[in-house]
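I have placed the structure first, in the form of C-alpha cells, so that the comments after it can refer back to it.
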Amino acid sequence: MVRRAGQVHPVDAESSRTKRIDKAALRGGPVRYDPAMHDLLDIRPEVAEALSAGHPVVALESTLIAHGLPYPRNLETARRVESVVREAGAVPATVGVAGGRLCVGLKAQEIERFARGGDTAKASGRDLAAAIVGGGNGATTVAATLVAAHLAGIRVFATGGIGGVHRGRGSRLDVSADLAELAHRPVALVSAGAKAILDLAGTLEVLETQGVPVIGYGTNEFPAFYCRESGHVLEARVDTPFEAARLMQAHWTLGLGGLLIANPPPEAAALDPVEVEALVGRALDDAQSAGVGGKRLTPFLLDRVNELSDGRTLEANVALIEANAALGAELAAAIPALGLC
Ligand code: PSU
Ligand code: MN
-9 MVRRAGQVHP VDAESSRTKR IDKAALRGGP VRYDPAMHDL LDIRPEVAEA
41 LSAGHPVVAL ESTLIAHGLP YPRNLETARR VESVVREAGA VPATVGVAGG
91 RLCVGLKAQE IERFARGGDT AKASGRDLAA AIVGGGNGAT TVAATLVAAH
141 LAGIRVFATG GIGGVHRGRG SRLDVSADLA ELAHRPVALV SAGAKAILDL
191 AGTLEVLETQ GVPVIGYGTN EFPAFYCRES GHVLEARVDT PFEAARLMQA
241 HWTLGLGGLL IANPPPEAAA LDPVEVEALV GRALDDAQSA GVGGKRLTPF
291 LLDRVNELSD GRTLEANVAL IEANAALGAE LAAAIPALGL C
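So for the sequence shown, the numbering used here puts the first residue at -9; every next one is plus one.
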C-alpha cells in the first residue's frame, strides 16, 4: 500500500495496540482502515505516533477558536489549551478541515489562520463532505470533531460547552447536531455542561433520549457553562479520572457510544447564575430582533453575552476550556491503566 507522509492511520499499523483493540472487539475501536480515507483524513505524525504507542491523546475542536472567542483571545486560548494538555502528559490533537482534508493535529500556523478568521466556515458533521470536496478550510464543531476523533481512535475530547437544545422562541426547533453525534461516537467529551444560552432541561432530555450518560465530575449537578450549578441533578457522579475511565470502559465494552463528562467551571472563574440568566435573556431578545438563526445563532449569543458582561463571560469561558483540557488529559492518561487502548 502506498502511504504518503503525514497520512499514517494508526489502525493500519500492525501494532500490538491494534491487535488489542481487535481482540476486545469494542465498537469503540477506531474505524477500520479504508484506503479511501487517505484522501480525506490527515492524522498528523505526532498524533499518529502517540496513538500507535498507546500514549494519551486529547482531541480539541476548532469552532471555538474560529467562531466562539474573539481574536486575539482565541489564539492565546488555543495555544494555551494545547500547552495545558502537554503539561499534563498528553498529546493535543486540534481538529479542523485544512486544505480540503480533515486534519487531526492542526499545525501552529493553521491554528493561527483559523483564529484570525476570514475564510474559515463553521463545519458541523453534515458540512464535512462539502468542506473537503471544496478543498478549503473549516472549523470543526463538537459534532464534526467527534467524527474525526472516532476515525482516528481518540477516546477523549475536551471542549468548553457542548451545543444543545436552543431555547424556544416562537416555534422553531433548533437542536445542535452535537447531541446526536455524541450518541454515536465512542468518545468521552469533557465539557462544562451545555452552554448557558441553551435550554438545559431540554438538552438533558435529548441526551437521555439519545442514550448519552451525563456524568458529573466532582458534582451532583449539571453545570451551566459559566456557572457551577444549574439546579439539574445528575444520576451519575465520579470524583477521580480512574472512576471516569472505568465507566468509559464499561460503556464501550457494551458497544455503546459517547459519554458526557460534565466538569463545573473553576470556582474562581464561575459567574452568578442569576446574573447570567439576565444576560442570556437580553442576548436572546437581540438575536430575535436581528433575525439571527441557524449556525450563526450560537456565535452571536456568545458574543452578545460577552459584550453585555463587559468581557466577564469571556474570562469564564477561557478558564473553563483550560480546566476541561486539563481534565481531558487526566482521563486520557487513565485509559491505558485499564488496558482499554
Ligand atoms: N464551546 C465553547 N464555545 C463554542 C462552542 C463550544 O466554549 O463556540 C461551539 C462548539 O463548536 C459547538 C458549537 O459544537 O458551539 C455548537 O453550535 P450549534 O449550536 O450551532 O450546533
Ligand atoms: Mn443549531
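Using N, Cα and C, we set each Cβ at its ideal position, and we do this for glycine too.
Of all alpha-carbon atoms in V270, R70, M27 and E312, the one lying nearest the alpha-carbon of D189 is that of V270.
Along the length of the stretch 106 to 159, whole beta strand (DSSP E) runs at least 3 residues long occupy 111 to 113, 128 to 130 and 146 to 148, reported in chain order. Assigned with DSSP and collapsed to three states, E211 falls in strand. The DSSP-derived three-state label of P60 is coil. By the 16-neighbour rule on beta-carbons within 10 angstroms, G183 is buried.
Burial of E51 is indicated by the presence of at least 16 other C-beta atoms within 10 angstroms of its C-beta. Here E66 is exposed: its Cβ has fewer than 16 other Cβ atoms, across all protein chains shown, within 10 Å. Here the distance from the Cβ of I311 to the nearest heavy atom of the ligand PSU is below 7 Å. Note on the stretch 205 to 260: whole alpha helix (DSSP H) runs with a minimum of 4 residues are 231 to 243, in chain order. Checking the 7 Å criterion, the Cβ of G153 is within range of a heavy atom belonging to the ligand PSU.
In this structure the stretch 121 to 139 does not lie against the stretch 63 to 80, because fewer than three pairs of beta carbons, one per stretch, are closer than 8 Å. Counting along the chain, no beta strand (DSSP E) covers P203, and no H or E run does either. In this structure, the ligand PSU has no non-hydrogen atom nearer than 7 Å to the beta-carbon of L304. Of the residues G248, V94 and G89, the one whose Cα lies closest to the Cα of A83 is V94. Rounded to whole angstroms, the Cβ separation of G86 and E100 is 7 Å, and the two are in contact under 8 Å. Boundaries of the alpha helix (DSSP H) around R294: L287 to L298.
For the pair H222 and A191, the CB atoms are nearer than the 8 Å cut-off. With fewer than 16 neighbouring CB atoms inside 10 Å of its own CB, T199 falls in the exposed class. Proximity of the beta carbon of L197 to the ligand MN is not indicated: no heavy atom of the ligand is located closer than 7 Å.
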